[in-house]
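> Protein chains in written order, with full-length UniProt numbering: chain U, 1 to 200; chain S, 1 to 200.
Quick reminder that beta carbons are idealized off the backbone N, C-alpha and C, glycines included.
Predicted, not measured: the structure shown is a model, and the values here were computed from it.
What follows is a single structure, and I will ask about it in a moment.
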């Protein structure tokens, strides 16, 4: 805690040489640069942070089995939910219906995993909370833009409550960009033929 | 080293209750069962093994940055090569051409990463070698069955040499099933409408 860092924003429609050089393979954000060395891919970055800045509240559990469980669910969130949500937003008709169904199913699986807990990490947030955290800010905007409903608070009451618990964390609350900026960013991406958001 | 274990083979066309209960989410192999607890997903299993049975030759580097690099490439292999190869085998025509192109490109990227080294892990095998290791046994059979060519030994001489280095490791060589069994297994999967291999 108390580690100094600098955020460098990126225009994903006009990527900077710094981004292109730092992530030559995917040319994607996020990239963490530490000791002049770039680290790419969200999950890899989170594990690097956890291993480099060891502190009293680690992100991953210390026990190897619990660690494996957290990694399993983080991977599930990335592959079965986050990736699918990208497709939900940028597809239409039958294809979109298929993706919506898949996203809803993933949400229900996550509900089962969360049930009875405040956070996926227990009383405190952990790897899975961080990886899924984006929905507490973005999901509603994505649902609106795509004209779909993913989170059914009756079917997934724990996830619904979790979103509020997550956004209520001071370091989350204090760092949320204003809603109109999020919506604007989103519309811009769509106008740009979605190429940046979908390209891998 | 010297750890006792038991291999339980699975008929993927008729999955056992043990598999279905151990990996309720994906219903896929591999699953590692240790202390009566199942661990799923290849990369998660390998990290668990590395953290649980600590020995003189760790699978992942100890340095956090080097560890992040290994994780980055392991993820690349899984997503950009192994998953694509599954599609190469079970598609036809234009779709297959697209997948073949993608697989070849991934292979060339891996060639660049390997260049100058015996293994991705350096002098000894590491995470990326283990994750890509399957090609030293399967790639030729997959190429034959799908009627395509993925590995161009002129374009990718280091990967080509790596395959021989990998298969030459005593613990790999001694555990390769007979070729006719591999081919038979493969044909069986294809006959079974590829559903097991492709379903996630």
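(1) Starting from residue 109 of chain U, find everything on chain S with Cβ-Cβ shorter than 9 angstroms and list it in chain order.
(2) Thinking C-alpha only, which one of S:147, S:18, S:166 and S:158 is nearest residue 111 of chain S?
(3) Helix, strand or coil for residue 33 of chain U, going by three-state DSSP, please let me know.
(4) How should residue 93 of chain U be labelled, buried or exposed, when 16 other C-beta atoms within 10 angstroms of its C-beta is the threshold for buried?
(5) Per DSSP, what kind of secondary structure is residue 133 of chain U in: helix, strand or coil?
(6) Decide if residue 129 of chain S is buried, meaning its Cβ has at least 16 other Cβ atoms within 10 Å, or exposed.
(7) Sorted by chain position, which residues of the same chain lie with C-beta nearer than 7 angstroms to residue 80 of chain S's C-beta, five sequence neighbours on each side aside?
(8) How big is the Cα-Cα spacing for residue 124 of chain S and residue 96 of chain U?
(9) Please work out which residues of its chain come closer than 7 angstroms, Cβ to Cβ, to residue 99 of chain U, disregarding the five sequence neighbours upstream and downstream, and give them in chain order.
(10) Should the segment 40-51 of chain S be called in touch with the segment 66-76 of chain U, which here means at least 3 C-beta pairs below 8 angstroms?
(11) Please name the residue in U:141, U:139 and U:163 whose C-alpha comes closest to that of residue 117 of chain U.
(12) List the residues that DSSP assigns as beta-bridge partners of residue 122 of chain U.
(13) For residue 5 of chain U, decide whether its Cβ has a neighbour in chain S, counting only Cβ atoms nearer than 8 angstroms.
(14) Could you check what DSSP says for residue 39 of chain U in three-state terms: helix, strand or coil?
(15) Could you please give the first and the last residue of the uninterrupted alpha helix (DSSP H) stretch that includes residue 112 of chain U?
(16) Rounding to the nearest angstrom, what Cα-Cα distance links residue 200 of chain S and residue 30 of chain S in this structure?
(17) Look at the Cβ atom of residue 149 of chain S, then the Cβ atom of residue 143 of chain S, and state whether they are nearer than 8 angstroms.
(18) For chain S, is any of its Cβ atoms less than 8 angstroms away from the one on residue 156 of chain U?
(19) Using the Cα positions of residue 28 of chain U and residue 167 of chain U, report the straight-line distance between them to the nearest angstrom.
(20) For residue 136 of chain S, count neighbouring C-beta atoms within 10 Å of its own C-beta (all shown protein chains included) and say buried if the count is 16 or more, exposed if not.
(21) Helix, strand or coil, according to DSSP, for residue 26 of chain S in the structure here?
(22) First and last residue of the alpha helix (DSSP H) that includes residue 170 of chain U?
(23) Give the residues of chain U in contact with residue 52 of chain S, contact being defined as C-beta atoms less than 7 angstroms apart.
(24) Consult DSSP for residue 84 of chain U and reduce its assignment to one of helix, strand or coil.
(25) Report yes if the C-beta of residue 152 of chain U is less than 7 angstroms from at least one heavy atom of the ligand NAP; otherwise report no.
(26) Would residue 58 of chain S and residue 50 of chain S qualify as a contact pair, given that the criterion is a beta-carbon distance under 8 angstroms?
(27) When you compare only the Cα positions, how much space is there between residue 66 of chain S and residue 121 of chain S?
(28) Since residue 109 of chain S and residue 25 of chain U should fall inside the 8 angstroms C-beta cutoff, what is the C-beta to C-beta distance between them, to a whole number of angstroms?
(29) Between residue 16 of chain U and residue 22 of chain U, what straight-line distance do the alpha-carbon atoms span, to the nearest angstrom?
(30) Report yes if the C-beta distance between residue 151 of chain U and residue 160 of chain U is below 8 angstroms; otherwise report no.
(31) Does any C-beta atom of chain S lie closer than 8 angstroms to the C-beta of residue 47 of chain U?
(32) Please report the straight-line C-alpha distance between residue 20 of chain S and residue 9 of chain S, rounded to a whole angstrom.
Let me lay it out:
(1) 25
(2) S:158
(3) Residue state, collapsed to three classes: strand.
(4) exposed
(5) Reduced to three states, the DSSP call for residue 133 of chain U is coil.
(6) buried
(7) 106
(8) 46 angstroms
(9) Correct list, in chain order: 84, 87, 88 and 91.
(10) yes
(11) U:163
(12) U:119
(13) no
(14) strand
(15) 93-114
(16) Annotation note: pLDDT 41 at residue 200 of chain S (below 50); position unreliable, coordinate value reported separately. Going by the C-alpha atoms only, they are around 13 angstroms apart.
(17) yes
(18) Residue 156 of chain U has a beta carbon lying at 8 angstroms or more from every beta carbon in chain S.
(19) Straight-line Cα distance between these residues: approximately 25 angstroms.
(20) buried
(21) coil
(22) 170-173
(23) 64
(24) helix
(25) The ligand content of the structure shown is nil, which means the ligand NAP is not present either.
(26) yes
(27) 10 angstroms
(28) About 7 angstroms separates the two Cβ atoms, so the contact holds.
(29) 10 angstroms
(30) yes
(31) Contacts with chain S at 8 angstroms (Cβ-Cβ) include residue 47 of chain U.
(32) 14 angstroms
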